[in-house]
Amino acid sequence: MSVQILGTGEHVPRRCVSSSELDARWNKPSGWTQRHAGIARRYYADAGETTSGMAAQAAEAALRAAGLAPDQLDCIVSACSVMEQAIPCSAALIQRQLGLGESGIPAFDINATCLSFLAALDTLSMAVDAGRYRRVLIVSSEIASAGLPEDDAETSMLFGDGAGAVVIGACADEGPGRILGTHFETYGVGAELCQVRAGGTRIRPREDMQAFLDGACFQMRGRQTYRMAAQRLPAFIARLFERAGVSLEGIDRIIPHQASAKALTHLQALLKLPTDHLVRTLGERGNQMAASIPVALHHAVTTERVKRGDTIALIGSGAGLSFGGAVLTY
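Take 58 as the starting number for the sequence shown in our numbering and just add one per residue.
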């Protein structure tokens, strides 16, 4: 597909939370959180920060990088794991935050939990390639801290808040941008490994408010999730590269979902990658759910680890249990 990433952007929330602060919160020995999580710090949104507000900040940065004004967009897609509110879609709130509330620009959400960004990139790239849209904003904004279980340090220590955005558009025939291939797989047998049970129609607050409150926090069976993902990842990556018509040797950088230090180390060992071949933001940002891949991409672009013409692979996993990937020429 002749589609190019025109610009990237990131927004970092105001509050920096060090791992030593979490040691004190959970009454752990000094250095316990950083040693177990591989994360020095992560950022949490303040009470006044919203999912849509952070998304708009990241979007504006991506638009500046693309040399575009907000009103030059013809589609806005929110690709968040968790919406700001159940109704309306988060994209409508982001549109309004960008000053486009009267514009009529179509705005909608795509949700595949931590794979939401990749799912949106895949879907909207096809729409751009078909001529349906010209310039599309895809933004992932997450406030994981709002739903972390206070009694589960091993889960809570992994996550951070933040937002990442890209603007995509059609690429000229002579331009470098191409989507070489994408691939997604979902294994519903793992649906209960990572979940927030409340917030939909499953648990109804008027029938059982306590069950609703109990189900409002994120729950993860970390060890089982890791084992299932690690077991299926090698075959998934092989199928992704086959779809894209590339080999590992033809990939300049791999930008993964920043799930955990253990997951990143496993991926690096699996593919026998040099240290600098894998882009990591986990240590300074934590697991930002769907925002982790666009944020890592933004870091790679702004530090020139990814340059125009490079072939990169975006790879991730998410609740479901799902896997997703895209190979593209940046």
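Every residue gets a Cβ at the ideal spot worked out from N, C-alpha and C, and that includes glycine.
Sheet register partners of residue i (DSSP bridge)
i, result
"Lys166", "It should be noted that the sequence gives Asp, not Lys, for residue 166. Asp166 is bridged to Ser135."
"Arg99", "Val74"
"Leu393", "This structure does not reach residue 393, given that the chain is present from 58 up to 387, and the question cannot be answered."
"Ala227", "Val60"
"Cys251", "Met277"
Between the CA atoms of residue j and residue i - distance to the nearest angstrom
i, j, result
"Arg92", "Glu211", "11 Å"
"Ile260", "Val358", "42 Å"
"Cys228", "Ala81", "51 Å"
"His385", "Leu354", "Sequence inspection shows Leu at residue 385; the His mentioned does not correspond to that position. Going from the Cα of Leu385 to the Cα of Leu354 covers about 12 Å."
"Leu198", "Ser87", "The sequence given here places Ser at residue 198; Leu does not occur at that position. Rounded to the nearest angstrom, the two C-alpha atoms are 31 Å apart."
"Cys132", "Thr338", "28 Å"
"Ala177", "Asp208", "33 Å"
"Arg263", "Phe293", "42 Å"
"Ser77", "Gln129", "44 Å"
"Ala94", "Met214", "7 Å"
"Gly238", "Trp83", "44 Å"
Three-state secondary structure (DSSP) of residue i
i, result
"Gly377", "coil"
"Gln129", "helix"
"Leu385", "strand"
"Ser408", "Lying before the first or after the last residue shown, residue 408 is absent from the chain, which here runs from 58 to 387."
"Leu215", "coil"
"Ile350", "helix"
"Glu341", "helix"
"Ile151", "helix"
"Ser198", "strand"
"Ala119", "helix"
"Val55", "Residue 55 lies beyond the range of the chain shown here (58 to 387); nothing can be said about it."
"Gly110", "helix"
"Leu324", "helix"
"Thr368", "strand"
"Gly238", "strand"
"Val69", "coil"
"Gly204", "helix"
- Query: Counting Cβ pairs closer than 8 Å, one from the region 302-309 and one from the region 341-358, do we hit at least three?
  - Reply: Here the region 302-309 does not lie against the region 341-358, with fewer than 3 beta-carbon pairs under 8 Å apart.
- Item | alpha helix (DSSP H) runs wholly inside the region 264-318, at least 4 long, in chain order | 266-271 and 279-301
- Query: Between the region 263-273 and the region 329-337, do at least 3 Cβ pairs fall closer than 8 Å?
  - Reply: The region 263-273 and the region 329-337 do not touch, with fewer than 3 CB-CB distances between them shorter than 8 Å.
- Message: Does the structure place the region 59-77 close enough to the region 100-118 that three or more beta carbon pairs sit under 8 Å?
- Response: yes
- Are the region 182-200 and the region 135-143 touching by the rule of at least three beta carbon pairs closer than 8 Å? yes
- Message: Count Cβ pairs between the region 306-315 and the region 279-290 that sit closer than 8 Å; are there 3 or more?
- Response: Contact between the region 306-315 and the region 279-290 is absent, with fewer than three C-beta pairs closer than 8 Å.
- Examine the Cβ distances between the region 242-251 and the region 356-374 and report whether three or more of them are shorter than 8 Å. no
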